[in-house]
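Below is one structure, written out as C-alpha cells; the observations come after it.
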Amino acid sequence: EKKAADLEPMSRQYEDCRKQLAELTRQREDLASVVAGLEQKYKLLNPRVKDLGKREQDLSHRITDMELRAQKAEATFTTLSKELQRLQDIGLSFEALAEFNERLQVVAKRHAIKPGGLEDRLLHELESLDKGLGLEALIQSRQQELDKIEQATTNTKKELETTKAVVASLKQEKTNLEASIKETREQVGREIAKIMPIAQDTI
C-alpha cells in the first residue's frame, strides 16, 4: 500500500503529461492543417503574381510602342502644318485660290483670251488648290490619328497603374502568407521542442 501511495503522484504526473501530450498533438495537427492551407493558397497565388508581372511588362512595352507612334505622328503633323503655312504665306489659301479662279474666268471671257495659255495657268492653280485641300485633309487625318494614339496611351497608362497596384497588393499578400507560414512552423517547432523532453521523461 505504501508503494502504491508513493507511485500515485507519479501516476497523476504521467496522466497529466499524457493529456498534455495529446493536447499538443492535437494543436500540432491543427497547426499543420493551417500550414497546409496557407501553402496551398501560396501555390495558387504565386502563378497569379507571375501572370500579373508578365502583364505589367507587356503593358510597359505597349506604352513604349504607342509613345513612339505618337511622337512620329506628332512630328508628321508638325511638318504638314508647316507646309500648309508656307502655302498660306505665299498667298495660296483655299479661299484666295477659289476667288482668283473665278475672277480669272470672268477676265478671260471679257477679253476673249484664247483658252490655250489660260488653261495651263488655270490647271496650275487648280492643282495647287487640290494639293492644298489634300494637305488639309491629311493634316486632319494625322491629327485624328494622333488623338487616338494619345487616348490609347492614356488608357494603357491607367491600366498599367491599376495592374501595378494589383501586383503590389498580391506581393504584399504573398509576403504576409510567407511570414504566417514561417511563424506557424516556428510555433509548431517550439511546441514540439517543449513537449519532447516531457514525453521522453515520461516514457
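4 is the number of the first residue of the sequence shown in the numbering used here; add one for each residue after it. Glycine included, each C-beta is placed from N, C-alpha and C at the ideal position.
Report the option in the options whose CA atom is closest to the CA atom of residue i.
i    : options                   : result
D54  : E181, A171 and V109       : A171
T178 : Y45, G56 and D19          : Y45
T79  : S183, T159, E176 and Q143 : Q143
K160 : E189, T81, Q23 and D61    : D61
Q190 : E32, Q16, N158 and A25    : E32
I152 : K75, T81 and L27          : K75
Note down, in chain order, each residue of its chain lying with its Cβ closer than 8 Å to the Cβ of residue i, except the 5 sequence neighbours on either side.
i    : result
T187 : L34, V37, V38 and L41
T156 : I66, M69, E70 and A73
Using the C-alpha atoms, what's the distance from residue j back to residue i?
i    : j    : result
A73  : E181 : 43 Å
E18  : R29  : 16 Å
Q154 : Q147 : 11 Å
R113 : E102 : 17 Å
N49  : V169 : 13 Å
I150 : E77  : At residue 150 the sequence reads Asp, which differs from the Ile that was named. Cα to Cα, D150 sits roughly 10 Å from E77.
L105 : D92  : Reading off the sequence, residue 105 comes out as Glu, not Leu. E105 and D92: Cα-Cα distance of roughly 21 Å.
K5   : I184 : Its pLDDT being 49, under 50, K5 is placed unreliably in this model, and the value from its coordinates should be taken loosely. C-alpha separation (whole angstroms): 52 Å.
E176 : R51  : 12 Å
K57  : Q23  : 50 Å
Is the beta carbon of residue j closer than 8 Å to that of residue i?
i    : j    : result
E226 : T166 : Within the shown structure, residues of the chain are numbered from 4 to 206, placing residue 226 beyond reach of any answer.
L163 : S63  : yes
Looking only at its own chain, which residues have a Cβ that is under 6 Å from the Cβ of residue i, when we skip the five neighbours before and after it?
i    : result
K85  : none
Q108 : none
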